[in-house]
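So the structure is just underneath, and the comments pick up after that.
There are 2 protein chains.
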Amino acid sequence: MNITIYDVAREANVSMATVSRVVNKNSNVKPSTRKKVIEVIDRMGYRPNAVARGLASKKTTTVGAIIPDISSIFYSELVRGIEDIATMYNYNIILTNSDQNKDKELQLINTMLEKQVDGILFMGRNITPEHVEQFSSASVPVVLAATYDETNELPSINIDYEEAAYEATKLLIMKGHEHPAFICGNEHLQSNQFKYDGYLRALTEAGVTINDDFAIREGYSYNAGLEGIKKLLSLPVKPTAVFTGSDEMGVGVIHGAQDLGYEVPKDIEVFGFNNTRMSTMVRPTLSTVIQPMYDLGAVAMRLLTKYMNKEEVTEANVILPHRLVERGSTK
Amino acid sequence: MNITIYDVAREANVSMATVSRVVNKNSNVKPSTRKKVIEVIDRMGYRPNAVARGLASKKTTTVGAIIPDISSIFYSELVRGIEDIATMYNYNIILTNSDQNKDKELQLINTMLEKQVDGILFMGRNITPEHVEQFSSASVPVVLAATYDETNELPSINIDYEEAAYEATKLLIMKGHEHPAFICGNEHLQSNQFKYDGYLRALTEAGVTINDDFAIREGYSYNAGLEGIKKLLSLPVKPTAVFTGSDEMGVGVIHGAQDLGYEVPKDIEVFGFNNTRMSTMVRPTLSTVIQPMYDLGAVAMRLLTKYMNKEEVTEANVILPHRLVERGSTK
DNA sequence: ATGAAAGCGCTAACAA
DNA sequence: TTGTTAGCGCTTTCAT
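Just so you know, the sequences run in chain order A and B. Numbering-wise (the numbering used here), the first sequence opens with residue 1 and increments by one. Numbering-wise (the numbering used here), the second sequence opens with residue 1 and increments by one.
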């Protein structure tokens, strides 16, 4: 049997209420009794039972994080941001992978709620009314990170993907490429759609006639980049620059082009997205859009603490800044 | 106020014990009452409170995972293995980062225990008697993954690092390199020490006189590889092959050599470790030791479930197989 | 400053 | 098959 608060109380000749007070650093305890109680706690090796505490106080100091896939370089960095801030505010994280599966997401939200988390951090492809309904079946605060909310009802942290893609494409155009190509996942992920929108806006603004063959909208991995560029370079009219939706695809494009005997950036310039560590671990190094992944997580967690403490929140939908870095894959 | 088991019982005209039975799929319930109760549960949207359940049953169906750093490609893959098996057995994971800091590790174990986890998965540099003491201050099972236990008391999942390093080095020697070089983190991480031991064994077995300049034993990142190879190639006698302790360092070595005008594998052959996704995302692709990261996590979690269910365990210290893959960075 | 006592929502004997 | 009841270990009024 474990030591309980009751054992400590008996041993210290005080009531359990007093022990509870010293454990919770309540100031209404005479210094001498506090000292005595602490001494007994240390001696007996008393460890408060957080479950009992949670039941009595209705606070568990744990928050649920639902993410698509922790093994992705993007989300693991983001989760690190979440974790660090959570630790800072004394929360623990229950982490679950959804694989972007809606049913799984809905079910995970339910599990989190059963476990009485104090708040939920959600990352996924996009929020539907069903998600919102599931969230509101309990009254815990929810914050979205890097996730699009078509219902526009939930607090969120994002960057402006459309604008970032616009800027990257425009940069390529200004470097003299009349019609950069585009390789990115499809519109099922809202951020991909935003990227495509930004890409199109830059093209349109430059008065270019859109060539649909130049937009490859499927896949998301290194291989998608590898194959995408091969497809593009087998076209009768070949692109001279490619903007990709992720660094991984960007690296794939660089290698795919090199495998075909092209030189980067001489024959073809490449621009990535995210600024993952990988972007500097390739030759030439990859120019890319800096997306502050760690900060996305950290700010989301910070925002969640505000809601959990019922602090006032001035801005519920935060857009974090992005910026472009030019490296070896562009001239 | 939330719906409780009591509300459901009243509404369904049964006792809370009966509701508890249907929720827990106890078979001692007449089908008709079961049906009635389920109907009420659905109608009222009853959601069992896992915290109360945990207090009463002394089981939380959550396990704690302590890892060095979730943003590392190695651990995030491993955690994915843990997560998948945990989900399969209906457990949730509380994830925390220790940054290999011993005090933090000890404190995290304590937090996990306070939260009454049913088991702990620990990953770290190495286990000391203090760790063991902290673990045994409660009676929850612990399993180590990819972690060395000098006390040799805890169940663990590992691969044979010494043997793997031996094989990789030997392969390089057999390819005609008299004295391959070695770049790897230092002995503070036990697996690094094992790698070094294996490297030395292959060298010794081949009757080579050890050249200490050829073993760089610091750092762990891409940059360490980059700088390590530059140092090696500035030596009066230069190595013609390098074995590194991680793929990231291996890729760094490839790029560092290329930056200096050397060709891989013509002038210098490179062998990595881990078989992370990165090893195929470089030109030439990296030959490496396949370490089954996902499996390390999955098997560790599976083993933990056995301990938690008090099933019999035949082998508490599991060594998973490794193997070498040759790719473009070796001839 | 301290204590008594009533829950928190559930499980698990034990009875019936 | 079902119900009664006593906790699980703690927080939190309310008294004192």
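Note that the Cβ used here is the ideal one computed from N, Cα and C, for glycine as well.
Reference residue i, options the options, closest by Cα
i, options, result
"A:Asn152", "A:Pro129, A:Ile173, A:Ser72, A:Asp160", "A:Pro129"
"A:Thr33", "A:Leu55, A:Ala52, A:Ala12, A:His177", "A:Ala12"
"B:Val253", "B:Ile183, B:Met301, B:Asp160", "B:Ile183"
"A:Ile66", "A:Gly297, A:His322, A:Glu315", "A:Gly297"
"A:Tyr262", "A:Ser234, A:Val22, A:Asp103", "A:Ser234"
"B:Glu133", "B:Asn211, B:Gly124, B:Leu154", "B:Leu154"
"A:Thr96", "A:Pro68, A:Ile5, A:Arg21, A:Ile85", "A:Pro68"
"A:Ala224", "A:Arg201, A:Thr305, A:Asn186", "A:Asn186"
"A:Glu178", "A:Val237, A:His131, A:Lys230, A:His188", "A:Val237"
"A:Val282", "A:Tyr222, A:Tyr196, A:Ala17, A:Met123", "A:Tyr222"
"A:Met123", "A:Thr305, A:Leu324, A:Met301", "A:Met301"
"B:Pro321", "B:Lys195, B:Ile157, B:Arg201", "B:Ile157"
"A:Val318", "A:Leu303, A:Arg201, A:Met308", "A:Leu303"
"B:Glu150", "B:Met44, B:Phe194, B:Asn309, B:Asn110", "B:Phe194"
Enclosing beta strand (DSSP E) for residue i [first to last residue]
i, result
"A:Leu95", "92–97"
"A:Ile290", "288–290"
"A:Gly207", "Neither: A:Gly207 is in no beta strand (DSSP E) and is coded neither H nor E."
"A:Val51", "Taken as a continuous stretch (DSSP letters only), A:Val51 belongs to no beta strand (DSSP E), being part of the alpha helix (DSSP H) at 50–57."
"A:Thr244", "241–244"
"A:Ala65", "62–67"
"A:Arg323", "323–325"
"A:Phe135", "From DSSP, A:Phe135 is part of no beta strand (DSSP E) but of the alpha helix (DSSP H) over 129–135."
Residue span of the alpha helix (DSSP H) that contains residue i, given as start and end
i, result
"B:Leu296", "293–308"
"B:Asn158", "Where B:Asn158 is concerned, there is no enclosing alpha helix (DSSP H), although the beta strand (DSSP E) it sits in stretches over 156–159."
"B:Ile38", "31–44"
"A:Val251", "247–259"
"A:Phe334", "For chain A, the structure presents residues 1 to 331; residue 334 of chain A sits outside this window and is missing."
"B:Glu11", "5–12"
"B:Gly225", "222–233"
"A:Ile82", "73–88"
Partners in chain B for residue i, counting only beta-carbon separations shorter than 8 Å
i, result
"A:Gly45", "Ser137"
"A:Gln258", "Arg283"
"A:Glu163", "In chain order: nothing, as chain B lies at least about 26 Å away."
"A:Glu83", "Ile70, Leu95, Thr96, Asn97"
Through-space distance from residue j to residue i, alpha-carbon basis
i, j, result
"B:Gly64", "B:Met174", "45 Å"
"A:Asp118", "A:Pro141", "7 Å"
"A:Lys266", "B:Gly81", "42 Å"
"B:Tyr220", "A:Asn126", "37 Å"
"B:Thr314", "B:Leu121", "19 Å"
"B:Glu312", "B:Phe135", "21 Å"
"B:Tyr166", "B:Thr209", "16 Å"
"B:Asp259", "B:Glu218", "21 Å"
"B:Ser98", "B:Ala145", "14 Å"
"A:Thr204", "A:Lys104", "39 Å"
"A:Thr87", "B:Val29", "44 Å"
"B:Asp247", "A:Val299", "32 Å"
Within chain A, partners of residue i - CB distance below 7 Å
i, result
"B:Ser71", "Ser76, Glu77, Arg80"
Same chain only: Cβ atoms within 6 Å of residue i, ignoring 5 sequence neighbours per side
i, result
"A:Gly250", "Thr244, Val270, Gly272, Leu286"
"B:Asn24", "none"
"A:Ile138", "It is worth fixing the name first, because residue 138 of chain A is Ala in this sequence and not Ile. Excluding sequence neighbours, A:Ala138 sits near Leu113."
"A:Tyr46", "Ile3, Val8"
"A:Ala215", "Phe182"
"B:Val40", "Val8, Glu11, Ala12"
"B:Leu333", "The question about residue 333 of chain B has no answer, for chain B in this structure spans 1 to 331."
Contacts around residue i, its chain only, beta-carbon distance under 8 Å, and the 5 residues preceding and following it disregarded
i, result
"A:Arg327", "Ser279, Thr280, Pro284, Thr285, Leu286, Ser287, Thr288"
"B:Thr60", "Ala50, Gly54, Lys115, Gln116, Val117, Asp118"
"A:Ile94", "Thr62, Val63, Gly64, Ala65, Met112, Lys115, Val117"
Neighbouring residues, chain A, relative to residue i (Cβ below 8 Å)
i, result
"B:Pro48", "Glu114"
"B:Val40", "The premise fails here: B:Val40 is roughly 17 Å from chain A at the closest Cβ pair, so nothing lies under 8 Å."
Closer than 7 Å at the beta carbon, the chain B residues around residue i
i, result
"A:Leu55", "Val51, Ala52, Leu55"
Contacts of residue i in chain A (Cβ-Cβ under 9 Å)
i, result
"B:Ile94", "Thr62, Asn92, Ile93, Ile94, Leu95"
"B:Asn110", "Arg47"
Close Cβ partners of residue i (< 7 Å) along its chain, the five nearest in sequence each way excluded
i, result
"A:Ser333", "Coverage of chain A is limited to positions 1 through 331, which leaves residue 333 of chain A absent and any answer about it impossible."
"B:Lys331", "Lys175, Pro265, Glu269"
"B:Pro180", "Thr169, Leu172, Ile173, Pro239, Ala241, Val242, Phe243"
"A:His255", "Leu226"
"A:Asp213", "Leu235"
"B:Tyr75", "Ile67, Pro68, Asp69, Met123"
Under 9 Å from the C-beta of residue i: neighbouring residues of chain B
i, result
"A:Met281", "Tyr222, Glu248, Val251, Gly252, His255, Met278, Met281, Val282"
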